[in-house]
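Novice: FYI, the numbering used here numbers position 188 of the first sequence as 487, with every residue one higher than the one before it.
All C-beta atoms in this analysis are idealised placements derived from N, C-alpha and C, irrespective of residue type, glycine included.
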Amino acid sequence: MPELPEVETTVRGLAKFLDGARIERVTLNRPDLRRPFPQDLVQVMTGATITSLSRRAKYGLFHLDRDQSVIFHLGMSGRWRIDPEEPDKHDHMVVETAHNRFALCDPRRFGSVDMVATAELDAWGPFASLGPEPLGPDLTPAYLRAALKGKVQNIKLCLLDQRIIAGLGNIYVCEALWRSGIRPTKQGGKVTRPQLERLVPAIKEVLAASIRDGGSSLRDYAAPDGELGYFATRFDVYGRTGEPCHHNDGGMIKRIAQGGRSTWYCPVCQK
DNA sequence: AGTATCACCTGCTAGC
DNA sequence: TGCTAGCAGGTGATAC
């Protein structure tokens, strides 16, 4: 899924069509994704105008002219299909305007759709404990140093923790650690100050580069207008088991498991 | 509180 | 060709 850059790309793509649009019809093809769809979702959305769209962490938001916001998460395999020619068996929610049709397609159904009063978004459960946006001004080496202080958990899992930084996922954590020369198994609290000074810009750069390229292109992901991004061809470590490190230091990219998920890194330049 | 493990679900690929 | 095992972008509930 969609990590932060893919969600950002999706929201921007949807906004081209939906910003200011009136929702004519909403169809639910099943009762739930991870969670049940909100009881009054269809009723509130139908006839509402979308006044703006935004993103928080890996969540996309439609803000309605009814003091409510619809929040979607794409899970591992979700995407929005715009004006699909054929229905897909995993199109779980379909939103129609006068001019377009938008299908939320999610084969694994790890995604979610929620609806929350716009004024109460910050206090909404999943948002209440989120850390700072990595592309915003609040993610600094000083912040990260304080957030990681005393952490015995490895830095890879610390960076996946949405309470520390909101929006990083497996791909971009691996890439950012490679760019900053940090071993993923190092304890969070033991990452040095110079390493943090490199890590913060590395996170921002790798995310910004991916957004520039329109989000990564992986098996289950397509930008909402159907165009694929091409950042996937530029990963330095993710999925490159056994291939040479792009720093040409003689290292071969290694895959290990951390917290039940794969991590890729170079044993030579990441210390 | 912090940390570790597992569960959720479908689809694809590698290997036999 | 057909089967099975393993793995996939994330979160959140549970158990120490």
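On the CB-based measure, 16 or more other CB atoms within 10 Å of its CB, does Ile555 come out buried or exposed?
Specialist: Flag for Ile555 reads exposed.
Novice: Quick one: using the 10 Å Cβ neighbour count with 16 as the cut-off for buried, is Arg518 buried or exposed?
Specialist: With a pLDDT of 49 at Arg518, under the threshold of 50, the modelled position of that residue is not reliable, and no figure is offered here.
Novice: If you compare alpha carbons, which of Val451, His372 and Ala446 is closest to Gly410?
Specialist: Checking every option, the nearest Cα to that of Gly410 belongs to His372.
Novice: So the candidates are Glu302, Ala356, Ser376 and Gln486; which of them puts its Cα closest to the Cα of Ile370?
Specialist: Checked all of Glu302, Ala356, Ser376 and Gln486; the closest Cα to Ile370 is Ala356.
Novice: What beta strand (DSSP E) runs, 3 residues minimum, are completely inside the stretch 312 to 375?
Specialist: 324 to 327, 349 to 355, 358 to 363 and 367 to 372, all fully within the stretch 312 to 375.
Novice: Would you identify the three-state DSSP class for Tyr471, choosing helix, strand or coil?
Specialist: If DSSP states are grouped into helix, strand and coil, Tyr471 belongs with the helices.
Novice: DSSP on Thr562, reduced to helix/strand/coil?
Specialist: Strand.
Novice: So which of Phe361, Phe534, Lys450 and Pro425 has the shortest CA-CA distance to Val394?
Specialist: Looking at the Cα atoms, Phe361 is the closest of the given residues.
Novice: Give me, in chain order, the residues of the same chain whose beta-carbon lies closer than 6 Å to that of Leu495; leave out the 5 immediate sequence neighbours on both sides.
Specialist: Taken in chain order, the residues that qualify are Pro440, Leu443 and Arg444.
Novice: Can you grab the Cα-Cα spacing for the pair Gly312 / Thr491, in whole Å?
Specialist: Each residue's alpha carbon lies about 39 Å from the other.
Novice: Inspect the CB distances between the stretch 315 to 334 and the stretch 386 to 393 and report whether three or more fall short of 8 Å.
Specialist: Counting Cβ pairs under 8 Å, three or more are found: they touch.
Novice: Less than 8 Å between the beta carbons of Ala416 and Gln367, yes or no?
Specialist: Yes, Cβ-Cβ distance for Ala416 and Gln367 is below 8 Å.
Novice: Would you list the residues sitting across from Glu395 in a DSSP beta bridge?
Specialist: Partner(s): Arg324 and Arg400.
Novice: For Pro431, which residues of its own chain have a beta-carbon under 6 Å away from its beta-carbon, when the five flanking residues on both sides are left out?
Specialist: Result list for Pro431: Asp437 and Leu438, in chain order.
Novice: Per DSSP, what kind of secondary structure is Gln569 in: helix, strand or coil?
Specialist: Reduced to three states, the DSSP call for Gln569 is coil.
Novice: Select from Leu456, Pro337 and Ile322 the residue whose C-alpha is nearest the C-alpha of Val412.
Specialist: For the residues Leu456, Pro337 and Ile322, the minimum Cα distance to Val412 belongs to Pro337.
Novice: Since Pro412 sits in a beta bridge, which residues does DSSP pair it with?
Specialist: Before going further, note that residue 412 is Val rather than Pro in the sequence given. For Val412, which the question treats as bridged, DSSP gives the partners Phe371.
Novice: Here's the rule: buried if 16 or more other CB atoms are within 10 angstroms of the residue's CB, otherwise exposed. What is Glu474?
Specialist: The residue in question, Glu474, is buried, as its Cβ has 16 or more Cβ neighbours within 10 Å.
Novice: Okay, do the stretch 373 to 383 and the stretch 394 to 404 touch, 3+ Cβ pairs below 8 Å being the bar?
Specialist: Yes, since at least three Cβ pairs between the stretch 373 to 383 and the stretch 394 to 404 fall closer than 8 Å, the two stretches touch.
Novice: Roughly how many whole angstroms lie between the Cα atoms of Phe426 and Gln486?
Specialist: Approximately 26 Å between the Cα atoms of the pair.
Novice: Have a look at Pro386 and Ser353 and give me their C-alpha separation to the nearest angstrom.
Specialist: Using only the alpha carbons, I get a separation of about 27 Å.
Novice: Only counting the same chain, and skipping five residues up and downstream in sequence, which positions put a Cβ closer than 6 Å to that of Pro566?
Specialist: So the list reads Gly550 and Lys553, once near-sequence residues are dropped.
Novice: Any idea what DSSP makes of Ile502, helix, strand or coil?
Specialist: Three-state result, Ile502: helix.
Novice: Taking its Cβ as the centre, do 16 or more other Cβ atoms sit within 10 Å of Ala418, making it buried, or is it exposed?
Specialist: With fewer than 16 Cβ atoms within 10 Å of its Cβ, Ala418 is classed as exposed.
Novice: Does the beta-carbon distance from Ala314 to Thr348 come in below 8 Å?
Specialist: It is not a contact, given that the beta carbons lie outside the stated cut-off.
Novice: Please report the straight-line C-alpha distance between Lys450 and Thr308, rounded to a whole angstrom.
Specialist: Looking at the two C-alpha atoms, the distance is approximately 33 Å.
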